[in-house]
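Read through the structure below, which is laid out as structure tokens, and then see the notes.
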Amino acid sequence: MNLRPVFFAAPHRMMFFAGALQALCAMLLWAGDLGARYAGLYAAPSWPAPAVWLHAALMVYGLFSFFIFGFLMTALPKWVAQGPLEQRQYVPAFGLLAAGWLSFYAGLLAAPLLPLGMAVAAAGWWLGWRALFASVRASMNVRKTHAWVVLAALAAGGAGLPLFAAGIALTDAALIGAATEIGLWLFLVPVFFTVTYRMLPFFSGSVIRGYDEYRGRLPYWIVLGCCAGHALLAIAGWREWLWPMDAVGGATALWLSWRWQLRKAFVSHLLAMHHLAGVWLGVALLLFAAQSAAALAGVEWGGRAPLHALTVGYFASILIGMVTRVTLGHSGRLISSDVWSWRLFWLVQGVALLRLSGEWAEGGGALDPIWLSALGWLAVFGTWGRVHLSMYLKPRPDGRPG
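Using this note's numbering, the first residue of the sequence shown is number 558, and each one after it goes up by one.
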């Protein structure tokens with residue numbers, strides 16, 4: 558069987574395939590570092606840049622971006638009643654993204670390749686953005702608010718990635734910090750939250766009889782506004798004043814979870830995953846609020862627990878549910894045939910809680926919770942990849958294109 562036509566037949570195939578590999582490679586690198594610094598199992602590796610910078614680059618810009626482009630290149634044209642993207646629109650973007658991050662890994666041995674690889678990935682990023690922008694602009698659909706929001710978020714990420722590259726090239730911690738805040742709060746949160754806000758009521762209505770599909774606009778803009786405010790204040794260095802925005806955003810996100818009727822979602826495992834993942838956004842924002850309020854009082858509290866509640870708790874949980882749904886639905890397989898994602902979802906919850914506990918638990922040695930959480934991540938995504946990676950290389954069993 559010639560794999561090339563199959564692999565390039567739809568954007569989600571190549572993007573999700575690369576994203577799944579990146580989820581393993583990025584965490585293997587980090588677990589290797591944590592095994593030395595936290596578990597004390599061997600001498601610390603020597604990196605061409607601070608390990609935390611490498612970790613931030615891969616997790617904020619190198620991992621989730623593949624899944625986001627794969628999802629949006631599949632779903633966004635449908636949101637605005639447009640036809641699917643053509644191969645000439647998504648294959649070059651994928652090629653540059655993949656080449657860029659491969660060069661980044663090569664930069665672990667040859668330091669100049671680190672920022673160069675990120676610059677190449679940024680070029681692929683903007684190619685992908687242009688394809689999505691063209692689809693939205695060509696649409697006559699009057700309901701394009703969510704499409705424009707995710708395009709704006711992608712543009713923010715496309716600006717943050719070269720800024721991060723410049724920070725590595727210049728060894729400038731301020732640039733790295735700004736690029737990280739942009740990537741988290743102006744790119745990742747708006748994209749994940751918009752997808753949640755748009756799709757979760759629809760999914761719920763298709764499963765729960767008599768479901769009230771709440772789509773009020775005000776809570777949506779409150780959460781997005783609070784996240785944008787967080788980014789601006791954090792970049793300005795006013796972290797002790799983040800708490801009002803984070804508290805409002807967190808309370809609104811949790812209210813949405815209640816309004817979307819989380820309690821009724823357990824009729825379907827995949828639906829419950831989407832609902833439960835949304836709770837993490839509210840929890841993460843409230844943890845950020847508590848941390849900021851403590852800082853205002855002159856107390857250091859929480860460490861990176863709020864950050865990992867957001868990234869592992871919210872992002873990774875949404876990822877498992879949404880990517881599994883798209884993978885099965887667009888490979889001609891029944892979503893009800895899934896037997897793994899529910900188990901893996903709960904393992905992700907364990908990984909998130911383990912990572913959060915590492916900020917307070919006594920660490921060190923082979924049972925260090927921060928190191929163990931990295932191993933747990935590898936176990937989850939290794940298992941997910943073993944089940945799903947082959948689907949991206951095989952024709953649809955129903956014979957349909959895509």
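Heads up, the beta-carbon is just placed ideally off N, CA and C, and yes, glycines get one too.
Exercise for review: Tell me the start and end of each unbroken alpha helix (DSSP H) in the segment 618 to 655 that is at least 4 residues and wholly inside, in chain order.
Suggested key: 621 to 636
Exercise for review: Keeping to the same chain, check which residues put their C-beta closer than 7 Å to that of L946; ignore five residues upstream and five downstream.
Suggested key: F574, A577
Check your understanding: From G715 to W682, what does the alpha carbon distance come to, in whole angstroms?
Key -> 6 Å
**Study point:** Alpha-carbon spacing of I765 relative to K821, whole angstroms
**Key:** 7 Å
Exercise for review: Would you decide whether M962 is buried or exposed? Buried here means 16 or more other CB atoms lie within 10 Å of its CB.
Suggested key: Past the edges of the chain, shown from 558 to 959, lies residue 962, and the structure says nothing about it.
Exercise for review: Alpha carbon to alpha carbon, how far is F902 from W636? Give it in angstroms, no decimals.
Suggested key: 27 Å
Exercise for review: Check each candidate in T751, R687, V869 and name the one with the smallest Cα separation from L935.
Suggested key: V869
Review point. What residue does the alpha helix (DSSP H) around P747 start on, and which one ends it?
Key: 746 to 764
Check your understanding: Do three or more CB pairs link the segment 818 to 836 to the segment 772 to 786 at distances below 8 Å?
Key -> no
Review point. With a CB to CB cut of under 7 Å and the five nearest residues on each side skipped, what residues in its chain are close to A923?
Key: A596, L598
Check your understanding: In chain order, what residues of the same chain lie with their CB nearer than 7 Å to the CB of F760, ignoring the 5 residues before and after it?
Key -> L828, H831
Review point. Candidates M630, W837, F938, L929: which alpha carbon is nearest F651's?
Key: M630
**Study point:** CA-to-CA distance, G773 to M558, given in whole angstroms
**Key:** Only weak support exists for where M558 lies, its pLDDT of 47 falling under 50; the value from the coordinates is given anyway. Taking the straight line from one Cα to the other gives about 49 Å.
Practice item. Could you tell me if A735 is buried or exposed, where buried requires 16 or more neighbouring beta carbons within 10 angstroms of its beta carbon? Key: buried
Check your understanding: What first and last residue would you give for the alpha helix (DSSP H) that runs through P602?
Key -> No alpha helix (DSSP H) contains P602, which DSSP labels as neither H nor E.
Exercise for review: Apply the 10 Å Cβ neighbour rule to H835 and answer buried if 16 or more other Cβ atoms are within range, or exposed otherwise.
Suggested key: In the sequence as presented, His is not what sits at residue 835; that position holds Gly. When all chains shown are included, G835 counts as buried.
Exercise for review: Would you check if there are 3 or more beta carbon pairs closer than 8 Å linking the segment 751 to 759 to the segment 700 to 707?
Suggested key: yes
**Study point:** Span separating the alpha-carbon of G740 from that of G942
**Key:** 25 Å
Review point. In this structure, does DSSP put K821 in helix, strand or coil?
Key: helix
Practice item. Please determine, among R900, I927, M879, the residue with the shortest C-alpha to C-alpha distance to F621. Key: M879
Exercise for review: Specify, as a first and last residue, the run of the alpha helix (DSSP H) that R890 falls within.
Suggested key: Here R890 belongs to no alpha helix (DSSP H), and DSSP marks it neither H nor E.
Review point. Helix or strand or just coil, what does DSSP make of M558?
Key: Since pLDDT at M558 reaches only 47, below the 50 mark, its modelled position is unreliable, and the value read off the structure follows with that caveat. It is coil, neither helix nor strand.
**Study point:** DSSP state of D729 mapped onto helix, strand, coil
**Key:** coil
Point to revise | First and last residue of the uninterrupted alpha helix (DSSP H) at T809 | key: 800 to 816
Point to revise | Cutoff 6 Å; reference L813; Cβ partners in own chain excluding five residues on either side | key: P776
Review point. What is the C-beta distance between V905 and V937, in whole angstroms, given that I count them as a contact (C-beta under 8 Å)?
Key: 6 Å
Point to revise | At least three beta-carbon pairs within less than 8 Å, the segment 684 to 692 to the segment 662 to 673 | key: no
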